[in-house]
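Positions in the sequence shown are counted from 1; adding 1 to them yields the numbering used here.
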Amino acid sequence: MSGLFRNLLTFVLALLAPRADSPLFTTVSHFRVMPWDVGLRVLKSDRYLLLAEAAQIDYMLKSGLWRRQLREGLSFVNAAQMVRFSRPIRLFYGVSVSTRIVFADQRFVYFSHVLSLGGSAHGEVLVKMKFKKGAVTVPLLELVEHSFVEKPEPLVHWDQALGAM
Numbered sequence: 002m003s004g005l006f007r008n009l010l011t012f013v014l015a016l017l018a019p020r021a022d023s024p025l026f027t028t029v030s031h032f033r034v035m036p037w038d039v040g041l042r043v044l045k046s047d048r049y050l051l052l053a054e055a056a057q058i059d060y061m062l063k064s065g066l067w068r069r070q071l072r073e074g075l076s077f078v079n080a081a082q083m084v085r086f087s088r089p090i091r092l093f094y095g096v097s098v099s100t101r102i103v104f105a106d107q108r109f110v111y112f113s114h115v116l117s118l119g120g121s122a123h124g125e126v127l128v129k130m131k132f133k134k135g136a137v138t139v140p141l142l143e144l145v146e147h148s149f150v151e152k153p154e155p156l157v158h159w160d161q162a163l164g165a166m
């Protein structure tokens, strides 16, 4: 329930925020770690994914991709997620989540959500997702006039690991 409330609040606040010039920028979302987000004292591992989800909603609205998605009847589906933990995030701390697209090809878009406290990275959530129109995958290039040159090596290794499963 707390994830739904956070997503709804993020949605409303993002609707009121100024729009970006391009979807290829970094948004910064701000959240507070609440008692329902922690185990004993620190942010639970599954809550990193919930914060990334809320930050992705914020990104989609601020970038204008949400409006385009609704207009063209698109949905987005997460294909894989990976969390990298660096330092614990404690109860009641304010967390900034910086979201950006790091790479896109004909099938997938790779988002990076870096969770930071006071300018110091405490974790990162990578999300591999795709835009769908029914059963058809829609490349990001059809939504944004930008093509990425080369997939970063960490994403190549991640895809190889996913393929081996």
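Each residue gets a CB set at the ideal place from its N, CA and C atoms; glycine is no exception.
**Request:** Could you tell me which residues DSSP puts in a beta bridge with Arg1?
**Result:** Nothing can be reported for residue 1, as the shown portion of the chain is limited to 2 through 166.
**Message:** Taking the alpha-carbon of Gly4 as reference, which of Leu14, Glu54, Arg20 has the nearest alpha-carbon?
**Reply:** Here residue 4 refers to the residue found at position 3 of the sequence shown. The option with the nearest alpha carbon to Gly4 is Glu54.
**Request:** Put Thr11 into one of helix, strand or coil per three-state DSSP.
**Result:** Your numbering for residue 11 matches position 10 in the sequence shown. Thr11: helix per DSSP, three-state reduction.
**Item:** With 16 other Cβ atoms within 10 Å as the buried cut-off, status of Gly95
**Value:** The count along the sequence shown starts at 1 and reaches residue 95 at position 94. With fewer than 16 other Cβ atoms within 10 Å, it is exposed.
**Prompt:** Are Met83 and Leu127 close, meaning C-beta to C-beta below 9 Å?
**Reply:** Mapped onto the sequence shown, residue 83 falls at position 82. Mapped onto the sequence shown, residue 127 falls at position 126. Yes; because the gap between Cβ atoms is below 9 Å, this pair is in contact.
**Prompt:** DSSP beta-bridge partners for Tyr111?
**Reply:** One-based indexing of the sequence shown puts residue 111 at position 110. DSSP lists Phe104, Lys129 as partners of Tyr111.
**Message:** Tell me the rounded alpha-carbon separation between Ala56 and Gln161.
**Reply:** The count along the sequence shown starts at 1 and reaches residue 56 at position 55. The count along the sequence shown starts at 1 and reaches residue 161 at position 160. Distance between the alpha carbons of Ala56 and Gln161: 27 Å.
**Request:** Compare the Cα-Cα distances from Phe32 to each of Thr138, Lys131, Ala165, Gly119 and report the closest residue.
**Result:** If you number the sequence shown from 1, residue 32 lands on position 31. Of the candidates Thr138, Lys131, Ala165, Gly119, the one whose C-alpha sits nearest the C-alpha of Phe32 is Gly119.
**Status (buried if at least 16 other CB within 10 Å, exposed otherwise) for Ala15** = If you number the sequence shown from 1, residue 15 lands on position 14. Classification of Ala15: buried, given that the 10 Å Cβ count is 16 or more.
**Asked** Under the three-state reduction of DSSP, which class applies to Val78: helix, strand or coil?
**Response** Position 77 of the sequence shown, counted from the start, is the residue given in the question as residue 78. Reduced to three states, the DSSP call for Val78 is strand.
**Request:** Please state if the CB of Tyr49 and the CB of Leu92 are separated by a distance shorter than 9 Å.
**Result:** Start at 1 with the first residue of the sequence shown, and residue 92 comes out as number 91. Start at 1 with the first residue of the sequence shown, and residue 49 comes out as number 48. Not in contact: Leu92 and Tyr49 (Cβ atoms no closer than 9 Å).
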